[in-house]
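Residue numbers (the numbering used here), protein chains in the order written: chain A, 4 to 422; chain B, 4 to 422.
Spelled out as C-alpha cells, the structure:
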C-alpha cells in the first residue's frame with residue numbers, strides 16, 4: 004500500500020528537475036549498479052566501478068599469469084603504492100610524492116599517530132574526538148600506551164578552546180572532518196589552524212571525506228592524513244588505505260613499522276634499515292597487488308570530474324533528502340541528526356528511529372540499501388557520482404511505506420556486521 | 004649452440020623416468036603456466052592457479068557488483084580472515100582457530116614479535132638469525148627499540164648453545180626454517196625445543212616453508228608463526244600473510260595493533276577496545292577482500308594433496324637439479340650453496356656464480372625464470388605441485404648454453420626489484 008501524500012508530487016517534480024539539470028548524471032555509467040537497487044551505502048562500500056573487472060582480469064591473467072614475477076617491474080607493481088597514492092593525492096589536494104597507498108586504514112592510523120607523536124617528542128598528549136570511529140580511538144590508546152602518553156577526548160567544537168588552554172602539551176590532534184554517524188562536517192581549516200597555533204600536529208582521518216568533497220591538505224598545512232579506499236573512492240571491499248605526510252616532515256619521519264619495502268635500497272637486502280627518501284619510507288611490506296590495482300582502476304571514475312561539482316551535487320542531494328525526510332518521514336517519528344546547514348554537512352544524511360535496524364533490513368528487501376549504526380541511526384550515504392535525486396525520493400517513499408504498512412521487524416538488532 | 008655432453012643423455016633419461024613415475028604430475032594442471040616457460044621463481048611469486056580467475060570474477064561481479072555491502076554477511080567476507088587462516092592451518096599442522104590471514108608479512112612479523120615479547124615480560128632479549136630475511140631483522144630491531152629490549156643475532160646452528168648459556172634472558176627466538184638465500188633447512192624440532200627449555204617462545208617465519216614441506220606447528224609446540232601467501236601458496240602478488248598463535252597463548256595475547264575488526268563486538272562500535280576471544284583478536288583492520296579471496300581460491304590447488312608426497316617430490320627435484328648442476332655447471336664455474344644432505348634442504352637450489360644477475364636476465368630471455376640475490380646467488384625455487392624433472396634439466400642446460408655462448412651481460416646488477 005502506498006499512500007499518496009500531497010507533497011510527494013511536488014517532490015517528484017523537484018527531483019526530476021534537479022536530475023535533468025545534473026551535469027554529473029553521465030558519470031553514473033562509470034559504475035555497474037544492479038538494476039532496481041537504490042544504493043545509499045557507498046559510504047560503507049562503494050559499488051563496482053565499470054573499469055574494474057577488465058582491469059583486474061588483465062592483472063590476473065596477463066600480468067600475474069603470463070608475465071609472472073617480471074610484472075613487479077614491467078607492469079609497474081613495485082611503484083603501485085606510490086602511483087596510487089599520487090592518484091588519491093589529486094583528490095585530497097596533495098601534490099605528488101606525499102601519499103602512499105597500502106595496508107588497512109587501521110595500520111595507517113597506527114603509523115600516522117605513532118609517527119606524529121615521534122615528531123613532537125616531549126609533548127605528552129594525544130587529542131582525539133570522543134566520537135571518532137572506534138579504530139581511531141583504539142589505536143590512539145595503543146600508541147599512547149606504547150609511548151607513555153595520555154589521550155584526551157575533546158569534541159571538535161571544543162578543540163580550539165582546549166588547545167588555547169593546554170595546547171603546549173599536545174603532540175597531535177586526530178580528527179575526522181565528517182562524523183561517521185551524523186554526517187556532520189567540521190571545520191578542517193579552523194581546527195588545523197588551532198592545532199598549529201598550539202605547535203601541535205594535525206592528523207586527519209579522511210575516510211568519510213576523500214572523494215566526497217574537495218579537500219586541500221597541502222593548502223591547509225595538514226601534517227598527516229589517512230583514509231580508506233573502499234568508501235567514496237569505491238576501490239572494492241577492504242581496498243588498501245592511504246597515508247599522506249606533508250613533505251616538510253619527510254626527512255624526520257620515523258615509522259613504527261619499518262618493513263623492507265620502505266628501505267632506501269630494498270633489493271640490497273641490507274642488514275640494517277635505512278629509510279627511503281620521501282614518502283616511500285612509509286611503505287611497509289609487500290602490498291596486496293590485486294586489491295591495490297582494483298583501487299587504481301576504480302579511481303578512474305574520477306577522471307575529469309571536478310570535486311567542487313561533486314560537492315555542489317552532494318549538497319543538493321542531501322538537502323533534497325532532508326526535505327523528503329521533513330515532509331514524508333518526520334510525521335512518522337523520524338528525526339534528522341544531520342545538520343541542515345550545508346556548510347556543516349558531509350555527504351550523508353542520518354535519521355534517528357527506534358527501529359532503525361529492522362527498517363534498514365526491510366528497506367534492503369525493497370531494493371534500497373542504506374545501513375544503520377547502533378542503536379537507532381539509519382544512515383544514507385550519498386555518492387554524487389552515481390546517486391540521483393530520484394533515488395533519494397524512492398528511498399524516502401519506500402521508508403514511509405514500510406512504516407505505514409508496519410512491514411518491518413521492530414526487534415532490536417541481532418549481532419551482525421551490516422544490514 | 005648446444006654442446007652435447009655425454010652426461011646430458013643420461014640426465015635426460017633419468018628425468019623422463021622420474022617424471023613418468025610422479026604421482027603429483029596431474030596437479031600441474033591446477034596452474035595456468037604460460038607455455039614455453041620453465042618457472043622456477045614460485046618461491047618468490049607463485050604462478051596463477053587455475054581456480055583463481057573464475058573465483059575472483061565471481062567476487063568482483065557478483066559478490067561486490069551485485070550483492071554489494073550485503074556480501075560481508077552473505078558471501079562470508081567477514082569470516083574470511085579466519086576461514087582462510089584455517090585453510091592455511093591445515094598446511095602447517097595447525098588445528099582450526101589458531102591462524103588468521105590478512106595484512107602483509109611485515110605487519111604480521113611486527114605483531115608476532117611484539118606480542119611474543121609481551122608474553123615474556125622481564126626477559127630483555129630477542130634472538131634472531133643474522134641471515135634472516137631483512138624485514139624480520141628490521142622489525143625485530145623496531146620492536147626491541149619500542150620495548151627497550153636488545154636483539155642478539157645468533158646463527159641457527161649456534162642457537163642451542165647460546166640458549167643454554169643465556170636462554171633465561173630470552174623472550175623470543177625468531178627464525179625461519181629455510182634460509183631464503185641458500186635453501187638450507189634448519190631443524191625446527193630441535194630449535195623449538197631449545198627455546199622452550201630456556202623458557203623462551205619460538206616464533207617461526209614460514210614464508211619459504213608453508214606449502215613446500217609438511218609442517219607441524221601444533222605437534223612441535225611452536226608458539227607463534229607467520230608466513231606469506233604468495234610464495235609456495237601461490238595466492239597472488241602481495242597476497243595476505245598469515246599469523247598463527249598457539250591456542251594456549253590466546254587468553255593472554257595482546258597485539259600491538261588493536262584494530263576494530265579484532266574487537267569482541269566490532270559492530271557495537273564501543274568506546275574502548277575489548278579483544279575478541281581466540282585468534283580473532285589478532286585481526287586488525289578491514290582486510291583486502293579481493294586479494295584475500297584470490298588466496299583462498301589458490302589454496303584449492305592443495306586439495307587432496309599430501310604434503311609428504313610434495314616433500315618427497317621436492318627432494319627428488321632438488322636432488323636432481325643438484326646432480327644437473329654438478330655434471331653440467333660445476334665445470335663452468337658454478338658452485339652450489341644448497342646442502343646436498345636432503346634432510347638439510349628446503350625446496351630450492353641456489354648456485355653461486357659471479358655473474359648471477361646477468362645470467363638470471365639472460366635465462367629469463369630463454370624462457371627459464373629463476374631469480375638472484377645479490378651479489379652472486381642464482382636461486383631456483385622448486386614447487387613440486389607444478390615442476391618436473393624435465394623442467395630442471397631444461398634450466399640447467401640453458402644455463403650451460405649461456406655460459407658456453409657467453410650470451411649474457413657480465414656487468415654488475417643495476418638497481419631493480421627482480422630479474
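For every residue, glycine included, the Cβ atom is placed at its ideal position computed from N, Cα and C.
(request) For residue 177 of chain B, decide whether its Cβ has a neighbour in chain A, counting only Cβ atoms nearer than 7 Å. (result) It does not: the Cβ of residue 177 of chain B has no partner Cβ on chain A nearer than 7 Å.
(request) Would you mind working out which of A/62, A/89 and A/87 sits nearest residue 77 of chain A, comparing C-alpha positions? (result) When each option's Cα is compared against that of residue 77 of chain A, the closest is A/62.
(message) In the DSSP assignment, the beta strand (DSSP E) including residue 424 of chain B goes from what residue to what residue?
(response) Summary: the structure shown does not reach residue 424 of chain B, with chain B confined to residues 4 through 422, and so no result is reported for it.
(message) With H, G and I counted as helix, E and B as strand and the rest as coil, what does DSSP make of residue 348 of chain B?
(response) Note: residue 348 of chain B maps to strand in three-state DSSP.
(request) Look at the alpha carbon of residue 57 of chain B and the alpha carbon of residue 293 of chain A, and state the distance between them as a whole number of angstroms. (result) Rounded to whole angstroms, residue 57 of chain B to residue 293 of chain A spans 14 Å at the Cα level.
(request) Determine the closest residue to residue 158 of chain A out of A/137, A/168 and A/133, with distance taken between C-alpha atoms. (result) Between residue 158 of chain A and the set A/137, A/168 and A/133, the nearest pair of CA atoms involves A/133.
(message) Under 8 Å, CB to CB, which of the residues in the segment 123-142 of chain B have a partner in chain D?
(response) The displayed structure is made up of protein chains A and B, and chain D is not among them.
(request) Just confirm the distance between the C-beta atoms of residue 301 of chain A and residue 52 of chain A, as a whole number of angstroms; I'd bet it's less than 8 Å. (result) About 4 Å separates the beta carbons of residue 301 of chain A and residue 52 of chain A, which is inside the 8 Å limit, making them a contact pair.
(message) What does the Cβ neighbour count give for residue 409 of chain B, buried or exposed, with the cut at 16 atoms within 10 Å?
(response) Around the beta-carbon of residue 409 of chain B, fewer than 16 other beta-carbon atoms lie within 10 Å, marking it exposed.
(request) Taking residue 412 of chain B as part of the beta strand (DSSP E), name the residues at either end of that continuous run. (result) Here residue 412 of chain B belongs to no beta strand (DSSP E), and DSSP marks it neither H nor E.
(message) Given a cut-off of 7 Å on the beta-carbon distance, is the pair residue 246 of chain B and residue 115 of chain B in contact?
(response) Contact flag set, yes.
(message) Using a Cβ-Cβ cutoff of less than 8 Å, which residues in the same chain neighbour residue 336 of chain A once the five nearest sequence positions on both sides are dropped?
(response) 356, 357 and 406, listed in sequence order.
(request) May I have a chain-ordered list of the alpha helix (DSSP H) segments no shorter than 4 residues that lie completely inside the segment 105-182 of chain B? (result) Counting whole runs of 4 or more residues, the segment 105-182 of chain B contains the alpha helix (DSSP H) stretches 108-122, 137-150 and 162-169.
(request) Please check if any C-beta of chain A sits within less than 7 Å of the C-beta of residue 56 of chain B. (result) With 7 Å as the cut-off, residue 56 of chain B counts as an interface residue toward chain A.
(request) Establish whether the CB of residue 276 of chain B and some CB of chain A are separated by less than 7 Å. (result) Chain A contact via Cβ: present.
(message) Quick check: is the beta carbon of residue 282 of chain B nearer than 7 Å to any beta carbon in chain A?
(response) So, not an interface residue.
(message) Nearest by alpha-carbon distance to residue 55 of chain B: which of B/304, B/404, B/347 and B/350 is it?
(response) Out of B/304, B/404, B/347 and B/350, B/304 has the C-alpha closest to the C-alpha of residue 55 of chain B.
(message) Using a Cβ-Cβ cutoff of less than 7 Å, which residues in the same chain neighbour residue 327 of chain B once the five nearest sequence positions on both sides are dropped?
(response) So the list reads 14, 395, 396 and 399, once near-sequence residues are dropped.
(request) Would you list the residues sitting across from residue 205 of chain A in a DSSP beta bridge? (result) Residue 205 of chain A is bridged by DSSP to A/176.
(message) Tell me the DSSP secondary structure of residue 187 of chain A in three-state form.
(response) Strand at residue 187 of chain A.
(message) Check whether chain A comes within 7 Å of residue 52 of chain B, counting only Cβ atoms and requiring the distance to be less than that.
(response) At a cut-off of 7 Å, the C-beta of residue 52 of chain B has no neighbouring C-beta in chain A.
(request) Indicate whether at least one CB of chain A lies closer than 7 Å to the CB of residue 380 of chain B. (result) By this cut-off, residue 380 of chain B is not an interface position.
(request) Look at the Cβ atom of residue 190 of chain A, then the Cβ atom of residue 204 of chain A, and state whether they are nearer than 7 Å. (result) Not closer than 7 Å, so no.
(request) Check each candidate in A/74, A/112, A/325 and A/275 and name the one with the smallest Cα separation from residue 263 of chain A. (result) With distances taken between CA atoms, residue 263 of chain A lies nearest to A/275 out of A/74, A/112, A/325 and A/275.
(request) Please name the residue in B/403, B/277 and B/212 whose C-alpha comes closest to that of residue 333 of chain B. (result) For the options B/403, B/277 and B/212, the alpha carbon positioned closest to that of residue 333 of chain B is the one of B/403.
(message) Contact criterion: CB-CB distance below 7 Å. Does residue 297 of chain B meet it with respect to chain A?
(response) For residue 297 of chain B, a Cβ of chain A is located within less than 7 Å of the residue's own Cβ.
(request) Starting from residue 267 of chain A, find everything on chain B with Cβ-Cβ shorter than 7 Å and list it in chain order. (result) Correct list: empty, because the minimum Cβ distance to chain B is about 11 Å.
(message) Spatial neighbours of residue 4 of chain A within its chain, please: C-beta separation below 8 Å, excluding the five flanking residues on both sides.
(response) Because the pLDDT at residue 4 of chain A is just 43, under 50, the model does not fix this residue reliably, and the point stays unresolved.
(request) Could you tell me whether the Cβ atoms of residue 215 of chain A and residue 298 of chain A are closer together than 7 Å? (result) Not in contact: residue 215 of chain A and residue 298 of chain A (Cβ atoms no closer than 7 Å).
(request) Can you tell me which of the three DSSP states residue 343 of chain B falls into? (result) DSSP places residue 343 of chain B in coil when its eight states are reduced to three.
(request) Within 10 angstroms of the Cβ of residue 363 of chain B, are there 16 or more other Cβ atoms? Answer buried if so, exposed if not. (result) That one is buried.
(request) Mind reading off the beta-carbon distance from residue 69 of chain B to residue 187 of chain B? Whole number of angstroms is fine, and I expect it under 8 Å. (result) Wrong, their Cβ atoms sit about 50 Å apart, outside the cutoff.
(message) Tell me the residue span of the alpha helix (DSSP H) that contains residue 374 of chain B.
(response) First-last for residue 374 of chain B: 374-376, but that is the beta strand (DSSP E), not the alpha helix (DSSP H).
(message) By the three-class DSSP mapping on this structure, what secondary structure does residue 241 of chain A have?
(response) Three-state result, residue 241 of chain A: coil.
(request) Give a yes or no on whether 7 Å exceeds the smallest Cβ distance from residue 420 of chain A to chain B. (result) Low confidence applies to residue 420 of chain A: its pLDDT is 47, below 50, so where it sits in the model is not reliable, and the reading given next is rough at best. Yes, because at least one Cβ of chain B sits closer than 7 Å to the Cβ of residue 420 of chain A.
(request) Using a Cβ cut-off of 7 Å, pull out every chain B residue sitting near residue 91 of chain A, in sequence order please. (result) Here the premise fails: no neighbours, minimum Cβ distance about 16 Å.
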